[in-house]
Amino acid sequence: MRVVVATGNAGKVREIAEALPGLSWQLEGLGGLPLPEETGTTYEENAALKACAAAMARGLPALADDSGLEVAALGGQPGVYSARFGGRDSDLERNLYLLERLRGAADRRAKFVSVVMLAYPDGHLETYRGEMTGTLLEGPRGENGFGYDPLFVPDGETRTLAEMTVAEKRALSHRGRALTALMEAHRDGPPARDLTPVE
Ligand code: ITT
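Residue numbers (the numbering used here): 81 to 279.
See the structure below:
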């Protein structure tokens, strides 16, 4: 099956490609197709916007991920707004802004959430969600990954996500969990679905 990977984030592309080799899918890029503005207030809404736009434009199933970091001391912010946190333009600036917002905070617990959606051109949607809890350091460590990875140490680990390989991150990450659920659902072909029109 040909599947469009509907993301402009190169870090996500790497993780999605690494996580799905068990399915003999032919993953394709956006090929210049612009993604819609993320006007939703939930991960599900934004993932559906991205996946459906790509599926309809390309006439192929499309996979999108909407994700974010929820910080306990900030009441769950930045959440769905993680890519635009503080209006900062780069991962580095957003990490510095997060450190500034958390300066002196004793509670450094945080949670990553990923909602992966597979949309078909006929409008059918499959949704998979994954989460990962951990703590935020007071300074960055590691060169791998993207986004807030250099600040985040998953529970039970000593290394940040940016000190792990793509495969190590997948084994415990929010996105890895969502993609594993997708892969299991598709191991024997697409999940059975009822296409009877709703009366
Ligand atoms: P697309 O919409 O094109 O997929 P995006 O980066 O804008 O790319 P989101 O709107 O889902 O994606 O924003 C998610 C942000 O949350 C992302 O830019 C990072 O800042 C952060 N984030 C999500 N998953 C992450 C991860 O695994 N590691 C580090 N940061 C992550």
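Ideal Cβ placement from N, Cα and C applies to all residues, glycine included.
If distances are taken between C-alpha atoms only, which option among the options comes closest to residue i?
| i | options | result |
| --- | --- | --- |
| alanine 135 | Thr238, Thr240, Thr87 | Thr87 |
| aspartate 202 | Pro101, Thr119, Glu117, Gly139 | Gly139 |
| alanine 186 | Ala152, Thr119, Ser194 | Ala152 |
| alanine 99 | Gly256, Ala265, Thr245 | Gly256 |
| proline 116 | Arg250, Ala199, Thr260, Asn126 | Asn126 |
| threonine 119 | Pro141, Pro271, Gly109, Asp146 | Asp146 |
| methionine 197 | Gly102, Pro101, Met263, Arg94 | Met263 |
| tyrosine 208 | Thr260, Leu241, Gly102, Thr245 | Thr260 |
| asparagine 289 | Glu218, Leu217, Thr240 | Absent from the model: residue 289. The displayed extent of the chain is 81 to 279, so no value can be given. |
| serine 253 | Leu217, Gly210, Glu237, Gly219 | Gly210 |
| alanine 189 | Ala265, Glu150, Ala247, Val195 | The question names alanine, yet the displayed sequence has arginine at residue 189. When only C-alpha atoms are compared, the closest one is Glu150. |
| glutamate 108 | Ala128, Ala144, Thr122 | Ala144 |
| glycine 112 | Thr122, Ser104, Tyr123, Val85 | Val85 |
| alanine 163 | Asn89, Pro101, Thr238, Gly236 | Asn89 |
| arginine 82 | Gly236, Ala199, Glu248 | Ala199 |
| alanine 242 | Ala251, Gly222, Pro234 | Gly222 |
Given a threshold of 16 other Cβ atoms within 10 Å of its Cβ, counted over all protein chains shown, does residue i qualify as buried or as exposed?
| i | result |
| --- | --- |
| arginine 267 | exposed |
| glycine 227 | buried |
| aspartate 229 | buried |
| proline 158 | buried |
| glycine 148 | buried |
| glycine 331 | Residue numbering for the chain in the displayed model covers 81 to 279; residue 331 lies beyond these limits and cannot be assessed. |
| leucine 258 | Leucine is not the amino acid found at residue 258; the sequence shown has alanine there. Under this definition alanine 258 is a buried residue. |
Is residue i helix, strand or coil by DSSP?
| i | result |
| --- | --- |
| leucine 115 | coil |
| glutamine 158 | In the sequence under discussion, the amino acid at residue 158 is proline, which differs from the glutamine named in the question. In the structure shown, proline 158 sits in a strand (DSSP, three-state: E or B). |
| aspartate 268 | coil |
| alanine 186 | coil |
| arginine 94 | helix |
| arginine 174 | helix |
| phenylalanine 165 | helix |
| glutamate 180 | helix |
| threonine 100 | A small fix is needed here, since residue 100 is leucine in this sequence, not threonine. Of the three classes helix, strand and coil, the one that applies to leucine 100 here is coil, per DSSP. |
| tyrosine 123 | helix |
| glycine 256 | helix |
| arginine 221 | coil |
| methionine 263 | helix |
| methionine 136 | helix |
| arginine 239 | coil |
| aspartate 202 | coil |
Any idea which residues DSSP pairs residue i with across the strands?
| i | result |
| --- | --- |
| lysine 191 | Glu150, Thr213 |
| glutamine 106 | Arg82 |
| tyrosine 208 | Val196 |
| proline 234 | Gly214 |
| aspartate 145 | Val196 |
Looking at the C-beta of residue i, does it have a partner C-beta in chain C at a distance below 8 Å?
| i | result |
| --- | --- |
| glycine 219 | Going by chain labels, chain C is absent from the structure shown, which holds only one protein chain. |
Worksheet entry | Any heavy atom of ligand 1 within less than 5 Å of residue CB: hits in chain order | Thr87, Gly88, Asn89, Asp146, Ser147, Gly148, Ser162, Ala163, Gly227, Tyr228, Asp229
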